[in-house]
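*Asks:* Read in order, the letters of the sequence shown are residues -30 to -1, 1 to 194 in mature numbering (1 follows the signal peptide of the UniProt record, and there is no 0). Even for Gly, the Cβ is constructed at its ideal location relative to N, Cα and C. This one's a predicted model, so the numbers in the text were calculated from it and none came from an experiment.
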Amino acid sequence: MQLTLTLSGSAGMQLLLLVSSLFLWENVSSKPTAMVPTEDLYTRLAELSHSTFILAADVYREFDLDFFDKTWITDRTLPLCHTASIHTPENREEVHEIKTEDLLKAMINVSISWKEPLKHLVSALTALPGASESMGKKAADIKGRNLIILEGLQTIYNRTQANIEENENFDYPAWSGLEELQSPNEDTHLFAVYNLCRCIKRDIHKIDSYIKVLRCRVVFQNEC
């Protein structure tokens, strides 16, 4: 597995530590029989999801500054993100009431639902006239990180199930925005890119927040 890591403005040492962390994760992921403690997986997931959210926020901010047009809001209604149908806690009380396995499953569904649209977002940003090279690289980085986060969440989820089926199905929504993303109409195309940037930022932030909650619950018995 090869991932391009781009963190604009980060110090060299921070980048080196992040690369080392991802290599450690990769070694674990390539050996399914290796029983890395769940506590360590939560720690690595928390670090990875947070840095991924920073990348997603960077991509959204850069696109917003360089390409946003207020006519999109005037002439169009912002659609719900394609993951809106996935039930996730909306406030602190709901987060603390939901069962650990249910929250893990919700995060897995969100992560799986981004596999396809992230591929197309990378292509769209890479080919977008006037877009910086770093924006496409960051999107590619987010795509790779999402797969690693997904694998980590699935590993932890499997450990919470006493009698889990080998190929358990997850109920994740399909993305239906490809036609708009590939539209020859520039405004329609840019609006579709904008919504993907907006929604991946939203969903990665949710995953990051929920992982922190579960790490506190599981690793520190809510004393954090």
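1) For LEU151, which of ASP10, ALA97, PRO143 has the nearest alpha-carbon?
2) Measuring only the C-alpha atoms, how far is PHE38 from CYS51?
3) Could you round the C-beta distance between GLY100 and ASP36 to whole angstroms and report it? I think they count as a contact, below 8 Å.
4) Given this structure, state the Cα-to-Cα distance separating VAL92 from GLU86, to the nearest angstrom.
5) On a CA-only basis, which of LEU95, VAL183, ILE174 is nearest ARG115? Give me that one, please.
6) Pick out whichever of ILE82, THR13, HIS159, SER21 has its Cα sitting closest to the Cα of ILE56.
7) ASN61 to LEU184, Cα distance in whole Å?
8) Could you check which residue in LEU88, LEU120, PHE161 has the C-alpha nearest to that of ALA109?
9) Closest to LEU74 by C-alpha separation, out of LEU95, LEU120, PHE161, ASP45, would be which residue?
10) Do you know how far the Cα of LYS40 is from the Cα of LEU48?
11) Inspect the beta-carbon positions of SER19 and ILE126 and report whether they are closer than 8 Å.
12) Of all the options ASN155, ALA16, HIS90, THR8, which has the alpha carbon lying nearest to the alpha carbon of LYS176?
13) Once the 5 residues before and after HIS90 are set aside, which same chain residues still bring their CB inside 7 Å of it?
14) When you compare the CB positions of PHE140 and ASN79, do they come within less than 8 Å of one another, or not?
15) Spatial neighbours of ARG172 within its chain, please: CB distance less than 8 Å, with the 5 preceding and 5 following residues excluded, ordered by chain position.
16) For LEU73, which three-state DSSP category applies?
17) From THR13 to LEU95, what does the alpha carbon distance come to, in whole angstroms?
18) Within 10 Å of its beta-carbon, does residue 261 have 16 or more other beta-carbons around it, so buried, or fewer, so exposed?
*Replies:* Taking the coordinates as given:
1) Residue ALA97 is the option with its Cα nearest to LEU151.
2) 18 Å
3) Between ASP36 and GLY100 the Cβ distance is about 7 Å, and since that is below 8 Å, they are a contact.
4) In this model, VAL92 and GLU86 are separated by some 10 Å (Cα to Cα).
5) ILE174
6) ILE82
7) The alpha-carbon atoms of ASN61 and LEU184 are separated by roughly 15 Å.
8) It is LEU88 whose Cα lies nearest to the Cα of ALA109.
9) LEU120
10) 12 Å
11) no
12) ALA16
13) LEU148, LEU151
14) yes
15) CYS51
16) helix
17) A direct Cα-Cα distance of roughly 31 Å separates THR13 from LEU95.
18) Shown here, the chain extends from -30 to 194; a query on residue 261 therefore has no answer.
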